[in-house]
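S.K.: Shown below is the structure under consideration.
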Amino acid sequence: MEELNTLKKLPLKALASTLLVILTMAGCVREAFVDAPDLGYINLLVQDDELLTKAGECEQSTFQIELPENISIPVSITKEPATKTTPVNNTDNAISKIWLWADLVETGQEYIVGQKISKSADEWKTNRFWPQDKALSFLACSSSASELGFIPDITTTPSTGEINCQFTYEVKKGIGALEGKDAQAQEDVLLGMSLNKTQASASGQVTMEMHHALSAIKFKVGRVPDGVILKGISLANVYGKAHCSVSGDASALHFNWSGHSELRSYTQSYDQTLNTGDAIGGKEQTFILIPQEFTSEDAQLQLELTIQDRNYILKKALKDIVSSFDAERIYTFTIGTAEEVDVEITDHVDGAVKSGVEIKNAGFSPAYVRIAIIGYWKDASGTIVIPWTEGEGEFEGWSSKWVQQSDGFYYYTEMLAGHSIAEPPFQKYTLKVMKQEGLKLYFNICVQVIHPSQINLWPNHPSSWK
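Note that our numbering has the sequence shown beginning at 1, numbered continuously upward.
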């Protein structure tokens with residue numbers, strides 16, 4: 001499969017106008033626009049756009065690989081915040097072909113019909129001219145395949161220039177040399193619209209943003225035991241065919257998928273030893289599927305693994321991982337064991353001031369955190385002379401997310417995702433009182449973390465914990 005392309009803008013540059021003529025045929029009068037050879041063509045120019053991020057927090061789900069003799073390995077799958085882009089960049093796979101349609105706004109009449117345009121040097125040149133003093137509405141389509149793979153049915157509303165585009169799409173399965181390599185056979189589809197443009201109003205340049213009609217799904221490795229080999233990933237009982245209606249303009253393009261049918265299983269075969277942090281497969285092994293919702297147990301993510309020379313199939317209902325696949329989104333799933341939680345803490349001490357407290361969940365799994373603040377004065381021999389008391393200094397910028405309970409611990413009120421950092425408990429602490437000459441204050445922040453499944457071991461935890 002050719003790889004996806006980054007989000008693009010397509011400025012359509014029209015250099016001149018055409019002549020208007022009136023033709024009379026069989027008693028009917030219609031307008032036709034004849035290309036004049038001495039006038040400029042409508043040109044296309046491809047430009048990159050910045051990446052956009054979909055709002056939302058990480059969604060997490062866990063399930064287990066069941067092994068013989070009641071042994072199980074817990075496995076977590078994390079959906080990262082998806083991005084409104086593609087899993088590859090423009091350098092890896094630039095758009096190579098564009099199919100262009102344009103209708104006259106005044107009448108809805110076709111003007112350019114599915115012209116296949118390839119890049120020549122730095123220009124994308126059509127073989128058509130701007131109609132004199134007439135507005136056009138444009139539709140551009142592209143694909144990571146050599147051919148578009150569908151024919152859009154478009155209608156343009158006269159006077160407003162609004163385009164309604166519809167097409168039916170079917171996700172490919174691998175055949176022949178790509179048998180069992182469905183992800184490599186699947187193609188990306190991009191569309192863009194720009195409405196009611198004249199050569200004058202656009203100053204000779206019509207800007208269109210290309211948008212991805214489908215969803216991209218890829219995988220990477222979290223923390224796993226040694227010797228686990230991935231043999232295959234399947235997205236089972238997902239819809240492989242649907243109808244798409246496209247509307248909007250420029251950046252406000254909308255894909256409405258309906259009429260889902262053809263439940264299928266898409267599988268990508270591997271023979272990869274899983275090592276922490278690795279991508280699974282290459283970029284060309286990204287699944288590209290029809291956007292759809294998950295409401296039943298039937299649609300499943302399935303992993304085929306070999307552990308100590310024995311084969312296992314791990315299954316999880318997609319609805320328990322993510323509610324839907326949406327257009328223009330990448331879903332990256334991290335596969336790994338739910339390891340023990342871990343913690344890292346750093347701070348900065350400058351004279352009598354402690355600041356810059358940073359508490360990080362260094363594990364893969366989410367965790368809850370609590371701290372205890374403990375201080376004591378030592379003499380030159382290292383002997384503890386007297387305990388520290390809070391009144392000997394001043395805290396500034398104490399965070400409302402840290403709540404002290406009756407056991408004296410300060411509890412972080414939110415679950416802390418793996419490899420994320422908590423809000424500092426305070427901005428700084430300044431020592432104001434010296435006990436006596438020759439004593440040194442040891443001011444410690446003791447941190448503990450616990451897996452959410454074990455929160456009852458801390459009976460004084462906040463009621464917000466779940």
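The C-beta atom is built at its ideal place from N, Cα and C for all residues, glycine as well. Computed from a prediction, not measured in an experiment: that's the story for all the values here.
1. Aspartate 249 lies in the beta strand (DSSP E); which residues open and close that run?
2. Less than 7 Å separating the beta-carbons of alanine 242 and tryptophan 257?
3. How many Å lie between threonine 413 and isoleucine 455 at the Cα?
4. Is asparagine 256 helix, strand or coil by DSSP?
5. When you compare only the Cα positions, how much space is there between glutamine 205 and glutamate 284?
6. So, helix, strand or coil for isoleucine 374, using DSSP?
7. Nearest to lysine 319 by CA position, among Ile290, Ala177, Ser296 and Ser365, is which residue?
8. Can you tell which of Glu293, Ile175, Thr198 and Met193 has its C-alpha closest to the C-alpha of threonine 155?
9. Thinking lysine 378 and lysine 440 are a contact (beta carbons under 8 Å), I'd like their distance in whole angstroms, please.
10. For glutamate 80, count neighbouring C-beta atoms within 10 Å of its own C-beta (all shown protein chains included) and say buried if the count is 16 or more, exposed if not.
11. Is DSSP giving proline 452 helix, strand or coil here?
12. Let me know the secondary structure DSSP gives glycine 418 once reduced to three states.
13. Could you have a look at glutamine 300 and say whether DSSP puts it in helix, strand or coil?
14. Do three or more CB pairs link the region 162 to 174 to the region 219 to 230 at distances below 8 Å?
15. Return the first residue and the last residue of the beta strand (DSSP E) that alanine 183 is part of.
16. What separation, rounded to the nearest whole angstrom, lies between the Cα atoms of threonine 168 and asparagine 275?
17. Looking at C-alpha atoms only, which residue of Gly382, Ala380 and Gln404 is the closest neighbour of isoleucine 373?
18. Taking the straight line between their C-alpha atoms, what separation do you get for glutamine 302 and isoleucine 112?
19. For alanine 252, does the count of other Cβ atoms within 10 angstroms reach 16, so buried, or fall short, so exposed?
20. In this structure, does DSSP put glutamate 106 in helix, strand or coil?
21. Could you check whether glutamine 292 and tyrosine 239 sit closer than 7 Å to each other, using their CB atoms as the reference points?
22. Less than 6 Å between C-beta atoms, sequence neighbours within five positions excluded: which residues of the same chain meet that for serine 261?
23. Strictly by DSSP, which residues pair up with tyrosine 429?
24. Select from Ser118, Ala185 and Glu328 the residue whose C-alpha is nearest the C-alpha of leucine 191.
25. Would leucine 195 and serine 137 be called neighbours here (beta carbons separated by less than 7 Å)?
26. Roughly how far, in whole angstroms, is the beta-carbon of phenylalanine 426 from the beta-carbon of tryptophan 398, given that I think they are within contact range, below 8 Å?
27. Report the partner residues of glutamate 170 according to the DSSP bridge assignment.
28. Expressed to the nearest angstrom, what Euclidean distance is found between the alpha-carbon atoms of aspartate 226 and glutamate 358?
29. The beta strand (DSSP E) that contains serine 194, what's its start and end?
30. Within 10 angstroms of its Cβ, does methionine 208 collect 16 or more other Cβ (buried), or is it exposed?
31. Among Leu230, Val341, Gly180 and Lys172, which residue has its Cα nearest to the Cα of leucine 263?
32. Roughly how many angstroms lie between the CA atoms of lysine 432 and isoleucine 445, to the nearest whole one?
33. Once the 5 residues before and after valine 341 are set aside, which same chain residues still bring their CB inside 6 Å of it?
34. Where does aspartate 326 fall in DSSP's three states?
35. Classify serine 118 as buried or exposed, calling it buried when 16 or more other Cβ atoms lie within 10 Å of its own Cβ.
36. Taking tryptophan 124 as part of the beta strand (DSSP E), name the residues at either end of that continuous run.
M.R.: In short, the structure shows the following:
1. Here residue 249 refers to the residue found at position 249 of the sequence shown. Counting along the chain, the beta strand (DSSP E) containing aspartate 249 begins and ends at 228 to 249.
2. Along the sequence shown, read from residue 1 onward, the residue named residue 242 stands at position 242. Along the sequence shown, read from residue 1 onward, the residue named residue 257 stands at position 257. The answer is yes: Cβ separation under 7 Å.
3. Counted from its first residue, the sequence shown places residue 413 at position 413. Counted from its first residue, the sequence shown places residue 455 at position 455. Cα-Cα distance, rounded: 12 Å.
4. For the purposes of this step, residue 256 is taken as the residue at position 256 of the sequence shown. In this structure, asparagine 256 counts as strand in the three-state DSSP scheme.
5. The residue labelled residue 205 in the question sits at position 205 within the sequence shown. The residue labelled residue 284 in the question sits at position 284 within the sequence shown. Answer to the nearest angstrom: the Cα atoms are 34 Å apart.
6. Start at 1 with the first residue of the sequence shown, and residue 374 comes out as number 374. In the structure shown, isoleucine 374 sits in a strand (DSSP, three-state: E or B).
7. Looking up residue 319 in the sequence shown gives position 319. Of the candidates Ile290, Ala177, Ser296 and Ser365, the one whose C-alpha sits nearest the C-alpha of lysine 319 is Ser296.
8. Numbered from 1 along the sequence shown, position 155 holds the residue referred to as residue 155. The shortest C-alpha separation from threonine 155 is found at Met193.
9. Reading the sequence shown from its first residue, position 378 is the one you call residue 378. Reading the sequence shown from its first residue, position 440 is the one you call residue 440. Confirmed, about 5 Å.
10. Taking the sequence shown and counting its residues from 1, one reaches residue 80 at position 80. Confidence is the limiting factor: at glutamate 80 the pLDDT is only 44, short of 50, which leaves the residue's position unreliable, though a coordinate-based value still follows. Exposed is the call here.
11. For the purposes of this step, residue 452 is taken as the residue at position 452 of the sequence shown. In the structure shown, proline 452 sits in a helix (DSSP, three-state: H, G or I).
12. As a position in the sequence shown, residue 418 is number 418, starting the count at 1. Three-state result, glycine 418: coil.
13. The residue given as residue 300 occupies position 300 in the sequence shown. Of the three classes helix, strand and coil, the one that applies to glutamine 300 here is strand, per DSSP.
14. no
15. The sequence position of residue 183 within the sequence shown is 183, counting from 1. No beta strand (DSSP E) holds alanine 183; the alpha helix (DSSP H) holding it covers 182 to 185.
16. The residue you call residue 168 lines up with position 168 of the sequence shown. The residue you call residue 275 lines up with position 275 of the sequence shown. Straight-line Cα distance between these residues: approximately 40 Å.
17. Within the sequence shown, numbered from 1, the residue matching residue 373 stands at position 373. When each option's Cα is compared against that of isoleucine 373, the closest is Gln404.
18. Indexing the sequence shown from 1 puts residue 302 at position 302. Indexing the sequence shown from 1 puts residue 112 at position 112. Taking the straight line from one Cα to the other gives about 45 Å.
19. Along the sequence shown, read from residue 1 onward, the residue named residue 252 stands at position 252. By the 10 Å Cβ count, alanine 252 comes out exposed.
20. As a working note, residue 106 is residue 106 in the sequence shown. Residue state, collapsed to three classes: coil.
21. Taking the first residue of the sequence shown as position 1, residue 239 is located at position 239. Taking the first residue of the sequence shown as position 1, residue 292 is located at position 292. In contact: tyrosine 239 and glutamine 292 (Cβ atoms closer than 7 Å).
22. Numbered from 1 along the sequence shown, position 261 holds the residue referred to as residue 261. Cβ neighbours of serine 261 beyond the five flanking positions: Lys241.
23. The residue you call residue 429 lines up with position 429 of the sequence shown. DSSP output for tyrosine 429 lists Lys354 and Phe395 as bridge partner(s).
24. Locating residue 191 in the sequence shown gives position 191, counting from the first residue. Out of Ser118, Ala185 and Glu328, Glu328 has the C-alpha closest to the C-alpha of leucine 191.
25. Position 195 of the sequence shown, counting from 1, holds the residue named residue 195. Position 137 of the sequence shown, counting from 1, holds the residue named residue 137. Contact flag set, yes.
26. One-based indexing of the sequence shown puts residue 426 at position 426. One-based indexing of the sequence shown puts residue 398 at position 398. Right, their Cβ atoms sit about 5 Å apart.
27. For the purposes of this step, residue 170 is taken as residue 170 along the sequence shown, with counting starting at 1. In the DSSP output, where bridge partners are listed per residue, glutamate 170 has Lys241.
28. Position 226 of the sequence shown holds residue 226. Position 358 of the sequence shown holds residue 358. Straight-line Cα distance between these residues: approximately 31 Å.
29. As a first step, residue 194 must be located in the sequence shown, where it is residue number 194. It spans 189 to 197 - the beta strand (DSSP E) in which serine 194 sits, taken as one unbroken run.
30. As a working mapping, residue 208 is identified with position 208 in the sequence shown. Methionine 208 should be labelled buried.
31. Taking the sequence shown and counting its residues from 1, one reaches residue 263 at position 263. The shortest Cα separation from leucine 263 among Leu230, Val341, Gly180 and Lys172 belongs to Lys172.
32. Mapped onto the sequence shown, residue 432 falls at position 432. Mapped onto the sequence shown, residue 445 falls at position 445. Whole-angstrom Cα-Cα distance: 18 Å.
33. The residue you call residue 341 lines up with position 341 of the sequence shown. Excluding positions up to five away in sequence, the list reads Gly363, Ser365, Ala367, Val449 and His451.
34. Within the sequence shown, residue 326 is the residue found at index 326, counting from 1. Reduced to three states, the DSSP call for aspartate 326 is coil.
35. As a working note, residue 118 is residue 118 in the sequence shown. With fewer than 16 Cβ atoms within 10 Å of its Cβ, serine 118 is classed as exposed.
36. As a working note, residue 124 is residue 124 in the sequence shown. Residues 123 to 125.
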